[in-house]
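If you read the protein sequences in the order shown, they are chains A and B. For the first sequence, the numbering used here gives the first residue as 7, with consecutive numbering after it. For the second sequence, the numbering used here gives the first residue as 5, with consecutive numbering after it. Glycine residues also receive a C-beta, built at the ideal position from the N, C-alpha and C atoms.
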Amino acid sequence: MSSSDEHWIRSYGRDQFPHVLVVLGFALYPILLGVLNRTPLASEASAFLPGLTFMIIVLYMGLFAISFDFISGYTGYLSFGHAAFYGTGAYFVVLAANGQVPGVPEGTPFMITMLLGATLAFVVALAIGAVSFRLTGVYFAMLTLGFAQVMYEFIRHWGYVSSNPTEGATIPSGADMSIGVPFVDSLNFAVGRLSGDSFENVLGVGIDVSATMTSYYALGIVVLLSYFVMQRIIHSPFGKVMIAIRENEERARAVGYNVFWYKMGAFATSAFFAAIAGALFAAYAGGASPDNSFYFLVTADALIMAIIGGIGTLAGPLFGALFHEWFEDILSTESDGLSTYLEQLLPESVLTAEVAGLTINDFIGTFLDGRAPLYLGIIFVLFVLFVPNGLLGSIRDRLGGTVSKRLPATLERYRR
Amino acid sequence: MLLSTTNLTKQFGGITAVDGVDFTLEDGQLCSVIGPNGAGKTTFFNLITGELEPTFGTIEFDSSDAGTVEITDADPATTARLGLHRSYQITNIFPTVSVLENVRIAAQAHRGNDSWRFWRNVNSFDEHFEEAHAILERIGLANDADIAAQNLSHGEKRSLEIGIALAGDPDVLLLDEPTAGVSSEDIGRLTDLIDDVAADHAIMLIEHNMDIVMDISDRVVVLDNGELIADGVPSEIRESDRVQQAYLGGYGQDDESDESADDSETGVAAG
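What follows is the structure, encoded as structure tokens:
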């Protein structure tokens, strides 16, 4: 007993090894990008690796997809209206920053408004769930979708939000959207595409931290904490009941579970974290509009990420989000995509050479430039057909257990 | 009195599936419920556990935890927590989780508010695991604890079906055709298990295999067209003309009989 007690830190570290690897990977990635940018490989790096702005999308969309998976992958109830909660979180912090939420004074720290927004989403989910959980399967999915569409239409025409509600609302330029410990200035970091904190010459070692990088790390910490809370719930007795409901709801009821309240609890919890993701998005983007928060295609993105990453694995959707955004970046129309890279790399004569009446230039423009949704659709179909367990789910099947349990043993085998 | 029904009736539209059944189960009894397909046996079980609501009549249950309660309108989760557990005619388990987890999750349901302790790791509840391991030992699946339930053989799944019902130490077990579709060599094992469980639980058993029914029952009731037409010890039932006519088809009178055990293959029997 005593010998195992001595090494509990080591054994804990070994259990958490894959988590540590992933967190380190995300933490070191901006530094890797920064180093690569100073080497001759700079243009390759920007063409083939996701840029930091895309990595930020990975974080908040990843969290949203994880929260979607929390209810859909673990209880088996597809929440097709999940965007409603994402939108609730986003709009709440935007309206709070404008001082438009009754009872929440202007200047309330973002961390607090974020949690309030998430709590509101929790309550909204209880209301939606009370009606929707009367049905199962596709009918449940359609009901939640219906509720989300009603909220979408409502928010599009609600004049209170802004003078032009179809375009959404913005966070005023002076508002302080900081992630950290509320009321402790030195432990707060402002996030935002344009208005985030930046630091020069950090610790005197000549490293500059841009506003984007600050946002990336600050959002990353919130996403990591949220992930660990959800993971804790999944591994608790409550989480086991969620899985029992997914496996066989009739039997779960017959062994003594009042499944309705467990489903409500799971649904509201997932809504809570969806709203956190929405709040992070709004703080970073400096506002929210109906079409990038409450719209049903936002849920569809989460669904794609969850399927690609592995539905029913909590971390999977994050990797699905990474895959999704990486693809978007490579095939983007912006300056750091594959098409720009090819146009610069290939000589003019090759670009204008005609093959069957089509120049290479036309080919790039037609098949690569901003065509990510097309290929993502194809990849989605291929995943559903051939990799139904997704990236992480398939790795688990290969290892014969969860990655954190099996990876150390597997690595040990290769080391010998 | 452990469980009793008074004038229990269930009508589906114009069809009366269970018709005015007055029935009382005593402590420690193993009572078999027999009858032809469509006689209302499974519907009778569904009424008791709360999966269906009776059209008329009442059900009372003497729970070891809560005393005598009326459970006429109680839902399945409530009757289960009071101590009425059931197994199903068609295997009804948690397929992709481990055999151990199948039983553990059922044990957890009877541990008060443990299931709502979302901040604690499930591995810190040693008692849940101890109970589950003890049950697996009893049903003979201790060596299969870690494999996914869907990978068990059919006979083993039928044992697990009973194991899930055993978790939480019920007062009454309602076993709905535990031997349905089980090969002849596995039937002996299942019968021994039921016999063993009957030592410390009251059991109601729906069964088509007359050898099993006559062998292990303390008492047999016969349903026909939803009505309770006979109630007595196995030997009385075997001799009853009315039962012979309705169901047994010569069982016990003629050794060459075509045993109605074949009916167990046909699936849905009632409702």
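- Message: Taking 7 Å as the threshold (C-beta atoms), are residue 153 of chain B and residue 94 of chain B in contact?
- Response: no
- Give every residue of the same chain whose Cβ lies closer than 6 Å to the Cβ of residue 24 of chain B, excluding the five residues on either side of it in the sequence, and list them in chain order. 11, 13
- Message: Report the start-end ranges of each beta strand (DSSP E) in the region 127-174 of chain A that is 3 residues or longer and not cut off at the edges.
- Response: none
- Message: Under 7 Å, Cβ to Cβ, is there at least one residue of chain A near residue 155 of chain B?
- Response: no
- Item | Span separating the alpha-carbon of residue 267 of chain A from that of residue 127 of chain A | 17 Å
- Do residue 122 of chain B and residue 242 of chain A have their CB atoms nearer than 7 Å? yes
- Message: If I measure Cβ to Cβ from residue 267 of chain B and keep anything under 8 Å in the same chain, skipping five residues before and after, which residues do I get?
- Response: Unreliable placement is indicated for residue 267 of chain B, whose pLDDT of 44 sits below 50; no coordinate value is reported for it.
- Message: If I measure Cβ to Cβ from residue 112 of chain A and keep anything under 6 Å in the same chain, skipping five residues before and after, which residues do I get?
- Response: 105
- Span of the beta strand (DSSP E) holding residue 255 of chain A? Residue 255 of chain A -> not in any beta strand (DSSP E); alpha helix (DSSP H) instead, spanning 255-260.
- Closer than 9 Å at the beta carbon, the chain A residues around residue 37 of chain B: By Cβ distance, chain A contributes nothing, its closest Cβ being about 18 Å from residue 37 of chain B, past 9 Å.
- Taking 7 Å as the cut-off, decide whether the C-beta atoms of residue 194 of chain A and residue 201 of chain A are in contact. no
- Excluding the five sequence neighbours on either side, which residues of its own chain have a C-beta within less than 6 Å of the C-beta of residue 247 of chain B, listed in chain order? 226, 234, 241
- Task: Can you tell me which of the three DSSP states residue 159 of chain B falls into?
- Result: helix
- Item | Selected residue, minimal CA-CA separation from residue 118 of chain B, among B:107, B:106, B:131 | B:131
- Query: If the cut is a Cβ gap below 8 Å, which residues of chain A does residue 112 of chain B touch?
  - Reply: 243, 246, 247
- Alpha-carbon spacing of residue 180 of chain B relative to residue 402 of chain A, whole angstroms: 37 Å
- Item | Sequence-distant residues of its chain with Cβ nearer than 6 Å to residue 60 of chain A (five each side left out) | 331, 335
- By a C-beta neighbour count over all protein chains shown, 10 Å radius and 16 as the cutoff for buried, is residue 363 of chain A buried or exposed? exposed
- Message: Extract the residue ranges of the alpha helix (DSSP H) inside the region 217-289 of chain A, only unbroken runs of 4 or more that lie entirely within it.
- Response: 217-240, 243-253, 255-260
- Can a CB atom of chain B be found closer than 7 Å to the CB of residue 253 of chain A? yes
- Message: Distance cutoff 7 Å, beta carbons only. Does residue 260 of chain A sit that close to anything in chain B?
- Response: yes
- Query: Between the C-alpha atoms of residue 187 of chain B and residue 237 of chain A, what's the straight-line distance to the nearest angstrom?
  - Reply: 43 Å
- Message: Suppose you measure from the CA of residue 22 of chain A to the CA of residue 252 of chain A; what does that come to, to the nearest Å?
- Response: 27 Å
- Query: chain B beta carbons: is any one of them nearer than 7 Å to that of residue 250 of chain A?
  - Reply: yes
- When you compare only the Cα positions, how much space is there between residue 55 of chain A and residue 392 of chain A? 26 Å
- When Cβ atoms are compared, which residues of the region 366-387 of chain A fall closer than 7 Å to chain B? none
- Message: What does the alpha-carbon distance come out to for the pair residue 169 of chain B and residue 16 of chain B?
- Response: 28 Å
- Query: Are there 16 or more other CB atoms within 10 angstroms of the CB of residue 249 of chain B, so buried, or fewer, so exposed?
  - Reply: exposed
- Query: Under 7 Å between the Cβ atoms of residue 194 of chain B and residue 149 of chain B?
  - Reply: no
- At 9 Å on the CB atoms, spell out the chain A contacts of residue 68 of chain B, in chain order. Ordered by position in chain A, no residue passes the 9 Å Cβ test against residue 68 of chain B, which lies about 15 Å from the chain.
- CA-to-CA distance, residue 233 of chain A to residue 108 of chain A, given in whole angstroms: 31 Å
- Query: Does residue 125 of chain B come within less than 7 Å of chain A when only Cβ atoms are used?
  - Reply: yes
- Name the chain B residues whose beta carbon is nearer than 7 Å to that of residue 264 of chain A? 81
- Name, in chain order, the residues that DSSP records as bridge partners for residue 4 of chain A. Look at the range of chain A in this structure, 7 to 422, and you will see that residue 4 of chain A is not part of it.
- Proximity below 7 Å, CB of residue 327 of chain A to CB of residue 29 of chain A: no
- Message: With H, G and I counted as helix, E and B as strand and the rest as coil, what does DSSP make of residue 233 of chain B?
- Response: strand
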